[in-house]
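S.K.:
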Amino acid sequence: MSDNLSQTRNNALIIAGLGIALLMAVFLSPFASQNPDGLDRVAKDQGFDKKELEHPPAKQLPFNTIFDSYTFRFIPGYDKGGLPNKVATSIAGLVGTLATFGLAWGIGKLAIRGAGSSTNDESLHSENSDQQLK
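Under UniProt numbering, the first residue of the sequence shown carries the number 1, and numbering increases by one thereafter.
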């Protein structure tokens with residue numbers, strides 16, 4: 001019975017954590033700084049941002065345009081640049097949070113499944129070694 005209670009508490013914690021993360025991603029991401037960060041800032045400070053190629057080699061690859069026809073058709077005006085920047089940032093935060101959660105959830109499930117089978121294998125191995133000693 002306590003195992004069921006523990007599972008219920010874990011599920012509640014996961015749902016609450018995901019809910020808080022989604023709320024933060026949607027409502028706080030539009031307030032993120034517009035200033036350059038990371039490599040963009042270093043490039044600007046060191047002056048090598050001016051050496052950027054006008055036509056980078058990656059854009060010349062044959063499969064470069066493969067995803068150009070895919071747009072968010074369910075968002076009116078997205079393909080025409082009519083989506084406000086704050087809304088686009090919120091959608092990016094939402095999608096990014098869900099993708100990260102899904103990836104972490106999947107890896108966690110695989111890790112638990114893998115750990116469970118190795119525990120069973122170890123117990124079988126120890127039983128076999130005990131029988132061989134007799």
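Backbone N, C-alpha and C fix where the C-beta goes; we use that ideal spot for every residue, glycine too.
Since the structure is predicted, the reported quantities are computational estimates derived from the model, not experimental observations.
1. Specify whether the region 87-94 and the region 29-41 touch according to this definition: at least 3 beta carbon pairs, one from each stretch, less than 8 Å apart.
2. Kindly give me the distance between the Cβ atoms of A25 and G96, rounded to whole angstroms, as I take these residues to be in contact under 8 Å.
3. Report all residues from its chain with a CB closer than 7 Å to the CB of A43; omit the five preceding and five following residues, and keep chain order.
4. Candidates N4, I20, D45: which alpha carbon is nearest F101's?
5. For G114 and T8, what's the separation of their Cα atoms in angstroms?
6. Run through the UniProt domain "PDGLE" (12-112) for me and flag every whole alpha helix (DSSP H) of 4 or more residues, listed as ranges in chain order.
7. Report yes if the CB atom of L5 is closer than 8 Å to the CB atom of L94, and no otherwise.
M.R.: Judging by the given coordinates:
1. Taking 8 Å as the limit for Cβ pairs, the verdict is that the region 29-41 does touch the region 87-94.
2. As a working mapping, residue 25 is identified with position 25 in the sequence shown. As a working mapping, residue 96 is identified with position 96 in the sequence shown. Contact annotation, A25 with G96: C-beta distance approximately 7 Å; criterion of less than 8 Å satisfied.
3. Locating residue 43 in the sequence shown gives position 43, counting from the first residue. Beyond the five residues adjoining it in sequence on each side, A43 comes within less than 7 Å, by CB distance, of D49 in the same chain, given in chain order.
4. Taking the first residue of the sequence shown as position 1, residue 101 is located at position 101. Ranking the options by Cα distance to F101, first place goes to I20.
5. As a working mapping, residue 114 is identified with position 114 in the sequence shown. As a working mapping, residue 8 is identified with position 8 in the sequence shown. So the two alpha carbons sit approximately 23 Å from each other.
6. The qualifying runs are 38-46.
7. Position 5 of the sequence shown, counted from the first residue, corresponds to residue 5. Position 94 of the sequence shown, counted from the first residue, corresponds to residue 94. Cβ atoms of L5 and L94: not closer than 8 Å.
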